[in-house]
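Asker:
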Amino acid sequence: MNMSQNEISKSKQKRLEIEKNRKAQKRQKAMSSLVVVLVILAIAGIVALGIYLHKQSEVSFGKYLEEDGTIEGINAADYVTMDYTSLSYNRADLLPTEETISADIEALCDTYATLSTDTTAATKAGDTVNISYRATLDGVSYNEVTPESGGTDYEIGSGVISEEFDNAMIGRTIGEEFTVDVTLPADYSDAALAGATLTYEVTLGGIYIVPEFDDAFVALNLSEEAGSAEEYRQNLIDNYYESNLRNAVITSLENDSVITAYPEDYLENMKKIYYSQNLQQFNSYNSMYYEYLGYNMYSSPYEMLGLTSQEEYDAYVTSAATADVEYFLVTQYIFEAEGMTNTPEEVKAYYIANGYDDATYNDMLAQYGIEYMAQLAMSEKVVSFLMETATITE
């Protein structure tokens, strides 16, 4: 079975991914469907979105918007009907399960696992280990991962290579060398290898030791986030609660509002933005693939999105743009009804509070304009207001 080092390093990749996401959550705050693109790419470090959304010449993100982010020339009450003052949610529906919290903490501890070289320790099912190996087929080298390359991480019991391999891994000590035969299934994807037997010569390089989640662990690794294990656990619960409440509010905005008309010029510009974004992504993907592989990945933006025709693509863009316009109409309706303000100073303060530094904010401001940036901040101000004023039943 020709398993590459990347294929059997999934456990290590998972640990790194979890750690990356945990840190990203400190500055990631989901906004509207459009701003999701901004947030994800900003977290990835692509300041000003130079790769995905370079300077737009055909569209203006802030066109038909006022400086405070409202759609110009309209009173949202002429377009929207909604009773936003009676939103009510059950607390139990917003809280995470104990299983969810335990799984998150377990995954967190996995990210801090260290590789032990204690030669008295023996492997057991569920351990993640570091191994090197050489696989041969009829004496001919078929696949190899060397110690010099750092070996590869493998979770015993994962079945990534085979059950035979996993069983042979149990009870081994660090530094031990052993051989195990793995018979490929009769329906193996490569017919020439179906039923063949690979011989793995394996060396166990180390066993990952997962730390216990306690006050000492938090003090050592998470002191900026909590002062104790219990406080960190409660923070997790609170974060889930807030996220679930926010999602519930947004769902209410979508489901409980009635849109009676649309500002046509603004809707058309929103479509242009979607077309432009998709075209930029399409060109970026094709450029990357052509540079490395010598051919284009997609023949059209709609193929990139898994659609089958231009007509289907046009309908997709119209639907997505309409959904965004509806969301912004509803949030503007509440913003105006409550007499809220959204000055440039308030807009900047919102982004700074959500993890953006001055340089990143100014880059985004130059890219998108104060009007569009303000619209996103305005909508979040409304969602936060509804989260604070909604009735929470026990």
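Note that the working numbering has the sequence shown beginning at 62, numbered continuously upward. All C-beta atoms in this analysis are idealised placements derived from N, C-alpha and C, irrespective of residue type, glycine included. As the structure is a computational prediction, the values presented were derived from the model and not from experiment.
Would you report the Cα separation of Leu426 and Ile132, rounded to the nearest angstrom?
Answerer: Approximately 18 Å, taken between the alpha carbons.
Asker: Can you tell me whether Asn357 is helix, strand or coil according to DSSP?
Answerer: Here Asn357 sits in coil by DSSP.
Asker: Taking the DSSP output, what are the residues bridged to Asn191?
Answerer: Asp214, Gly267.
Asker: So for Tyr261, helix, strand or coil by DSSP?
Answerer: Three-state DSSP puts Tyr261 in a strand.
Asker: Since I believe Tyr125 is in contact with Asp326 (beta carbons under 8 Å), could you give me their beta-carbon distance rounded to a whole number of angstroms?
Answerer: Right, the Cβ-Cβ distance comes to about 6 Å (below 8 Å), so this counts as a contact.
Asker: Among Gly130, Ser147, Gly123, which one has its Cα closest to the Cα of Ser313?
Answerer: It is Ser147 whose Cα lies nearest to the Cα of Ser313.
Asker: Who are the near neighbours of Ala322 in its chain, counting only those whose CB is closer than 6 Å to its CB and skipping five residues on each side?
Answerer: So the list reads Tyr140, once near-sequence residues are dropped.
Asker: Whole beta strand (DSSP E) runs in the region 162-190 with 3 or more residues, listed along the chain?
Answerer: Counting only runs of 3 or more, we get 175-177.
Asker: With H, G and I counted as helix, E and B as strand and the rest as coil, what does DSSP make of Tyr388?
Answerer: Three-state DSSP puts Tyr388 in a helix.
Asker: Using 8 Å as the Cβ pair cut-off and three pairs as the minimum, do the region 262-271 and the region 187-200 touch?
Answerer: Touching, yes.
Asker: Would you call Asn339 buried or exposed, if buried means 16 or more other Cβ atoms sit within 10 Å of its Cβ?
Answerer: Asn339 comes out buried.
Asker: Is it a yes or a no for the region 429-445 touching the region 399-419, going by three-plus beta-carbon pairs under 8 Å?
Answerer: A contact exists between the region 429-445 and the region 399-419.
Asker: In the DSSP assignment, find the unbroken beta strand (DSSP E) run with Ser149 in it and report its ends.
Answerer: Taken as a continuous stretch (DSSP letters only), the beta strand (DSSP E) holding Ser149 covers 149-151.
Asker: Tell me the residue span of the alpha helix (DSSP H) that contains Asp276.
Answerer: Element bounds for Asp276: 276-282.
Asker: Do you know how far the Cα of Gly355 is from the Cα of Gly400?
Answerer: Cα to Cα, the separation comes out at about 57 Å.
Asker: Using three-state DSSP, classify Leu243 as helix, strand or coil.
Answerer: With the sequence shown as reference, residue 243 is identified as Val, and Leu is not the correct amino acid for it. Strand at Val243.
Asker: By a C-beta neighbour count over all protein chains shown, 10 Å radius and 16 as the cutoff for buried, is Gly220 buried or exposed?
Answerer: With fewer than 16 other Cβ atoms within 10 Å, it is exposed.
Asker: In whole angstroms, what is the alpha-carbon distance linking Tyr417 and Glu127?
Answerer: The alpha-carbon atoms of Tyr417 and Glu127 are separated by roughly 23 Å.
Asker: Can you tell me whether DSSP reads Asn415 as helix, strand or coil?
Answerer: Coil, per DSSP.
Asker: So what does Ile320 bridge to, in DSSP terms?
Answerer: Partner(s): Val141.
Asker: State whether the region 286-294 contacts the region 352-372, with contact taken as three or more CB pairs (one from each stretch) at a distance under 8 Å.
Answerer: Taking 8 Å as the limit for Cβ pairs, the verdict is that the region 352-372 does not touch the region 286-294.
Asker: According to DSSP, what are the bridge partners of Leu126?
Answerer: Leu126 is bridged to Ile132.
Asker: Quick one: is Phe389 buried, meaning 16 or more other Cβ sit within 10 Å of its Cβ, or exposed?
Answerer: With 16 or more Cβ atoms within 10 Å of its Cβ, Phe389 is classed as buried.
Asker: Near Tyr203, what residues of its chain come up, given a Cβ to Cβ distance below 8 Å and the 5 sequence neighbours on each side ignored?
Answerer: Asn63, Ala196, Thr197, Leu259.
Asker: Go through its chain and collect everything with a Cβ distance to Ala382's Cβ below 7 Å, but skip five positions before and after it.
Answerer: Closer than 7 Å at the Cβ level, and outside the excluded window around Ala382, lie Leu328, Met331, Lys332, Tyr335.
Asker: Applying the 10 Å Cβ sphere with the 16-neighbour rule, what's the burial state of Tyr353?
Answerer: With fewer than 16 other Cβ atoms within 10 Å, it is exposed.
Asker: Can you tell me which residues form a DSSP beta bridge with Glu205?
Answerer: Glu205 pairs with Arg195.
Asker: Going by beta-carbon coordinates alone, are Val310 and Ala451 separated by less than 9 Å?
Answerer: For Val310 and Ala451, yes; Cβs fall inside 9 Å.
Asker: Thr452 lies in the beta strand (DSSP E); which residues open and close that run?
Answerer: Here the beta strand (DSSP E) through Thr452 covers 452-454.
Asker: Less than 7 Å between C-beta atoms, sequence neighbours within five positions excluded: which residues of the same chain meet that for Leu254?
Answerer: For Leu254, where only same-chain residues beyond five positions count, the Cβ hits under 7 Å are Leu245.
Asker: Compute the distance between the beta-carbons of Leu155 and Leu297, then report whether it is under 9 Å.
Answerer: Not closer than 9 Å, so no.
Asker: For the alpha helix (DSSP H) holding Ala287, just list the boundary residues, first then last.
Answerer: That residue, Ala287, is in no alpha helix (DSSP H); it is neither H nor E in DSSP.
Asker: Quick check on the burial criterion: 16 or more other C-beta atoms within 10 angstroms. Buried or exposed for Phe396?
Answerer: Buried, by the Cβ-count rule.
Asker: Which same chain residues end up closer than 7 Å to Ser118 when comparing Cβ atoms and leaving out the 5 residues on each side of it in sequence?
Answerer: Summary for Ser118: the model assigns pLDDT 46, below 50, so the residue's position carries little reliability; its value from the coordinates is reported in the next sentence. The answer is none, since no qualifying residue turns up.
Asker: Spatial neighbours of Thr264 within its chain, please: CB distance less than 6 Å, with the 5 preceding and 5 following residues excluded, ordered by chain position.
Answerer: If we look at Thr264 and ignore the five residues flanking it on each side, its Cβ neighbours are Ser193, Glu238.
Asker: To the nearest angstrom, report how far apart Asp419 and Thr207 are at their CA atoms.
Answerer: Taking the straight line from one Cα to the other gives about 46 Å.
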